[in-house]
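Student: The opening residue of the sequence shown carries number 223 in the numbering used here; numbering runs sequentially from there.
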Amino acid sequence: EAAAAAEGDMAAEPTEEPFVSTCEAGSPSLLIWADDQRSASLIELKDQVLAETGVCLDVQEIPFGDIRTKISLAGPAGEGPDIFVGAHDWLGELYANGVVAPIDLGAKASDFDPVAVQAFTYEGELYGMPNAVENVAFICNPDLIDAAPASYDDVRSMSEAAAEAGELTQFFAQLREDAYHQEPIQTAFGGYIFGQNDDGTYDACDVGLDSEGAVAYLTWVDQMVKDGLLSGDVDWETAHVLFETGDAACIITGPWALDRFNTAGVNYDFYPFPSQPGHEASPFVGVQGFMINSFSDNKVLAQTFLTDYVATEPVMEAFYESGNRPPAYLPARGAMDEDAQAFAEAGANAHPMPAIPAMNAVWDAWGNAVKTVFLQSATPEQAAADAAATVREAAACE
Numbered sequence: 223e224a225a226a227a228a229e230g231d232m233a234a235e236p237t238e239e240p241f242v243s244t245c246e247a248g249s250p251s252l253l254i255w256a257d258d259q260r261s262a263s264l265i266e267l268k269d270q271v272l273a274e275t276g277v278c279l280d281v282q283e284i285p286f287g288d289i290r291t292k293i294s295l296a297g298p299a300g301e302g303p304d305i306f307v308g309a310h311d312w313l314g315e316l317y318a319n320g321v322v323a324p325i326d327l328g329a330k331a332s333d334f335d336p337v338a339v340q341a342f343t344y345e346g347e348l349y350g351m352p353n354a355v356e357n358v359a360f361i362c363n364p365d366l367i368d369a370a371p372a373s374y375d376d377v378r379s380m381s382e383a384a385a386e387a388g389e390l391t392q393f394f395a396q397l398r399e400d401a402y403h404q405e406p407i408q409t410a411f412g413g414y415i416f417g418q419n420d421d422g423t424y425d426a427c428d429v430g431l432d433s434e435g436a437v438a439y440l441t442w443v444d445q446m447v448k449d450g451l452l453s454g455d456v457d458w459e460t461a462h463v464l465f466e467t468g469d470a471a472c473i474i475t476g477p478w479a480l481d482r483f484n485t486a487g488v489n490y491d492f493y494p495f496p497s498q499p500g501h502e503a504s505p506f507v508g509v510q511g512f513m514i515n516s517f518s519d520n521k522v523l524a525q526t527f528l529t530d531y532v533a534t535e536p537v538m539e540a541f542y543e544s545g546n547r548p549p550a551y552l553p554a555r556g557a558m559d560e561d562a563q564a565f566a567e568a569g570a571n572a573h574p575m576p577a578i579p580a581m582n583a584v585w586d587a588w589g590n591a592v593k594t595v596f597l598q599s600a601t602p603e604q605a606a607a608d609a610a611a612t613v614r615e616a617a618a619c620e
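1) Go through its chain and collect everything with a Cβ distance to Leu316's Cβ below 6 Å, but skip five positions before and after it.
2) Helix, strand or coil for Glu405, going by three-state DSSP, please let me know.
3) Near Pro505, which residues of its chain fall below 6 Å by C-beta distance, leaving aside the five closest residues on each side in sequence?
4) If you count every other CB in all the chains shown that lies within 10 Å of the CB of Leu597, and 16 or more means buried, which is it?
5) With DSSP as the reference, please indicate the residues paired to Leu252 in a beta bridge.
6) Does Thr467 pass the burial test, meaning 16 or more other C-beta atoms within 10 Å, or should it be called exposed?
7) Using CA atoms only, rank isn't needed, just tell me which of Val447, Gly417, Asn546 is closest to Gly476.
8) Can you have a look at Val242 and say buried or exposed, based on whether 16 or more other CB atoms are within 10 angstroms of its CB?
9) Is the Cβ-Cβ distance between Met351 and Gly511 less than 7 Å?
10) DSSP three-state call for Gly417: helix, strand or coil?
11) Going by C-alpha distance, which of Trp458, Phe565, Arg555 is nearest Gly508?
12) Per the DSSP calculation, His573 is bridged to which residue(s)?
13) With a CB to CB cut of under 7 Å and the five nearest residues on each side skipped, what residues in its chain are close to Ala479?
14) Can you tell me the Cβ-Cβ gap for Tyr439 and Gly413, rounded? I've got them flagged as a contact below 8 Å.
15) Just checking Thr460 against the ligand MG - is the residue's beta carbon closer than 6 Å to any of the ligand's heavy atoms?
16) Which of the three DSSP states is assigned to Pro364 in this structure?
17) What's the call for Lys448, buried or exposed, on a 16-neighbour Cβ count within 10 Å?
18) Rounded to whole angstroms, what is the Cα-Cα separation between Ala262 and Thr529?
19) Give a yes or no on contact between the region 518-526 and the region 300-318, applying the rule of three or more CB pairs nearer than 8 Å.
20) Go ahead and label Asp455 buried or exposed: buried means 16 or more other beta carbons lie within 10 angstroms of its beta carbon, across all protein chains shown.
21) Scan the region 250-334 and note each continuous alpha helix (DSSP H) run of 4 residues or more that stays entirely inside, going in chain order.
Next comes the structure, spelled out in structure tokens:
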């Protein structure tokens, strides 16, 4: 399963059959676009909302990845929903297209994870009510380690010991690419993608892909590959197979990998991300939630529905049960199992994936930079410089 940012890039296809409303013509109603992880729980609210408010709910199930493009087309045409589900990193595009309206969480604002609220904040205003957060964690097989590495110097020394013993194919099953999974590693060296302003927003003109920390990270990768401790052959699938088969002791991955780990019967546990001295690892956090169509005639009604009926423990717990992602609504976190709790703890120092348009250039540029170092086709300095130049060009900063 890819990160939320990747999900949003899936090609949008129109539904084959038009949606048929279940509401009486002329009666107050709200149309909600939701994916399969949230639609059933929303439909269950229909009778309660109708009885208490006289408002009829229409819930149209749409694949998550299709919503991003569909709302930008349907909203301005007056054919969109009142409320739609989406990812926070769509905001740059949706804001530019003018299809999202601000949301006020009112008295419930403090009930939400502050990082999730920050993620849905754009140009100083909140544009989404968060419902789920997602991030990676540092996972190891406790049968294969005596203690978890505290730093990447430890990762190296443990890799050397494992290689000398000949017990593992690779101690750390590190992916050779994918900027999403690299983030908690490069930040552990002091690297960064975009600088942040005092209010937590990202500065597209402060590109850190060629910063001292970013180059230090790539230099570490370069030396590990040269010494045979990391391999340029390890892509996403290979990394997970190495861990599942007990041929690697540690991996950085997300909740999407747990089903396959459990199926494989491999033992796993969660550990703090390694960090180099003076730095602290910070993974990306992706946030999903509910947004209001700026072209809706029912924006006030939509906001009231979200804060009064969706921002409740039963509904947010139901979303968690169907999606298996930690709730952004803090009162619902008591329903989490141990694995979800561990991912939530791993995300305590996370930062939102940048929603600014320049981030679109980062995925390929930084992923390719890491891959070229893994494949030994560029020096760390050149790979970092090329990636930074690509992103600066996309950001159009002087």
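Note that beta-carbon positions come from the ideal geometry of N, C-alpha and C, so glycine has one too.
Tutor: The short version:
1) Excluding positions up to five away in sequence, the list reads Val322.
2) Reduced to three states, the DSSP call for Glu405 is helix.
3) Take Pro505, set aside five residues on each side of it, and the residues of its chain with a beta-carbon closer than 6 Å to its own are Asn357, Val358, Glu405, Pro406, Ala572, in chain order.
4) Label assigned to Leu597: exposed.
5) Its beta-bridge partners are Leu279.
6) With fewer than 16 Cβ atoms within 10 Å of its Cβ, Thr467 is classed as exposed.
7) Of the candidates Val447, Gly417, Asn546, the one whose C-alpha sits nearest the C-alpha of Gly476 is Asn546.
8) Classification of Val242: exposed, given that the 10 Å Cβ count is below 16.
9) Yes, the Cβ-Cβ distance between Met351 and Gly511 is below 7 Å.
10) Collapsing the DSSP output to three states places Gly417 in a strand.
11) Taking Gly508 as reference, the option from Trp458, Phe565, Arg555 with the minimal CA-CA separation is Phe565.
12) The partner list for His573 (beta bridge, DSSP) reads Phe506.
13) His462.
14) Tyr439 to Gly413, Cβ: 5 Å. Contact.
15) Annotation note on the ligand MG: not contained in the displayed structure, which lists no ligands.
16) DSSP places Pro364 in coil when its eight states are reduced to three.
17) Its Cβ having fewer than 16 others within 10 Å, Lys448 is exposed.
18) So the alpha carbons of these two residues sit roughly 18 Å apart.
19) The region 518-526 is in contact with the region 300-318.
20) Label assigned to Asp455: exposed.
21) Taken in chain order, the unbroken stretches of alpha helix (DSSP H) that lie wholly in the region 250-334 and span 4 residues or more are 261-265, 268-275, 286-296, 313-318.
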